Amino acid sequence: MSEAILTISSKNYSSWSLRGWLMTKFSGLPFEEKAVSIDDPAMRAELLLLSSSFLIPNLQHNGLKIWDTLAIGEYLNEIRPEASLLPADLEKRTRCRSISGEMHSGFGPMRSALPMNLKGDFPNFKVWARAQADIDRITTIWREHLDLYGGPFLLGERSLADAMYAPVVTRLRTYHVPVDAKCGAYCDAIMAMPEMAEWTEAAKTEPEDMEELEVEF
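Just so it is clear: in the sequence shown, position 78 is 78 by the UniProt record's numbering, and no numbers are missing.
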């Protein structure tokens with residue numbers, strides 16, 4: 001039995017669960033995975049963006065319970081600094097916090113219009129203006145940091161920021177959103193990570209479906 005327990009919800013639909021899971025994997029902390037069914041009313045509210053707060057994922061470790069995704073990342077960085085979830089370099093660390101915070105608190109139109117759905121495939125999806133503005137801002141962040149640090153990840157080596165933006169990569173793939181070559185290469189690097197392959201394989205075998213998230217807007 002691991003001393004750490006990470007509670008998540010759907011691997012197919014839950015972008016926040018993916019973020020917390022990737023952070024924990026990146027940290028190297030051994031953990032037991034505990035899944036909450038999407039039939040749970042609170043979990044459905046979170047997945048449908050109807051909840052005012054997000055309590056999943058949460059990490060229990062050494063008698064502590066951490067439930068905000070960025071807080072999970074900060075905690076893991078404190079107990080596993082060698083994993084460099086937050087870079088040692090002050091400039092990189094500051095940028096990592098800034099762009100991760102922007103992902104954490106922003107991009108609501110994109111979240112609503114392009115819900116995460118790893119089993120979905122919508123090649124003719126219409127991206128409306130507000131969601132496209134979010135995508136444009138995200139790809140600007142990506143290009144700036146890939147140019148600044150040389151890739152293949154946003155801060156050069158993978159970090160908390162890549163865990164935060166990984167669900168966006170899946171959205172771009174699910175809804176066939178075109179991006180430039182530099183951003184496309186970043187998407188390829190994210191999807192090539194063994195952790196993403198493990199998560200995606202599990203997501204595609206999930207039996208549950210949510211009709212509310214299977215509709216083309």
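Ideal placement from N, C-alpha and C gives every residue a C-beta, glycine not left out. Because the structure is a prediction, the values reported are computed rather than measured.
Environment of residue i [buried if 16+ CB atoms lie within 10 Å]
i, result
"A88", "exposed"
"N12", "buried"
"I8", "buried"
"L90", "exposed"
"L50", "Since pLDDT at L50 reaches only 49, below the 50 mark, its modelled position is unreliable, and the value read off the structure follows with that caveat. With fewer than 16 other Cβ atoms within 10 Å, it is exposed."
"L94", "The question names Leu, but residue 94 is Thr in the sequence shown. Classification of T94: exposed, given that the 10 Å Cβ count is below 16."
"L136", "The sequence shown places Asp at residue 136, rather than the Leu named in the question. Exposed: under 16 other Cβ atoms inside 10 Å."
"G20", "buried"
"P57", "buried"
"L155", "buried"
"T140", "exposed"
"K92", "buried"
"A166", "buried"
"T205", "exposed"
"A161", "buried"
"S14", "buried"
"G73", "buried"
"N117", "buried"
"P123", "exposed"
"L64", "exposed"
Bridge-paired residues (DSSP) for residue i
i, result
"F31", "Looking at the DSSP assignment, F31 forms no beta bridge with any residue, so it has no partner."
"N58", "T7"
"F153", "G156"
"K65", "Q60"
CB-CB length for residue i against residue j, believed under 8 Å
i, j, result
"M23", "H104", "With a Cβ gap of about 12 Å, M23 and H104 do not count as contacting."
"S159", "L86", "7 Å"
"L55", "A4", "Actually they do not touch by this definition, with Cβ atoms about 17 Å apart."
Whole-angstrom distance between residue j and residue i, CA atom to CA atom
i, j, result
"E195", "I138", "22 Å"
"A202", "K119", "10 Å"
"E32", "T174", "29 Å"
"P152", "A189", "7 Å"
"S84", "S112", "31 Å"
"E78", "A71", "11 Å"
"F26", "W199", "13 Å"
"residue 218", "I66", "Any property of residue 218 remains undetermined from this structure, which presents the chain solely from 1 to 217."
"A35", "S10", "8 Å"
"M110", "D68", "21 Å"
"E102", "E144", "15 Å"
"F107", "D134", "5 Å"
"G150", "S37", "40 Å"
"L29", "N62", "12 Å"
"L172", "L114", "8 Å"
"L148", "V168", "21 Å"
"H176", "L76", "33 Å"
"D180", "W142", "11 Å"
"E157", "R97", "15 Å"
"A192", "I99", "22 Å"
Residue i: CB within 6 Å of a non-hydrogen atom of the ligand GDP
i, result
"E78", "Only the bare structure without any ligand can be found here, which leaves the ligand GDP out of the picture."
_Three CB pairs or more closer than 8 Å across the region 119-131 and the region 178-185_ = Segments in contact, no.
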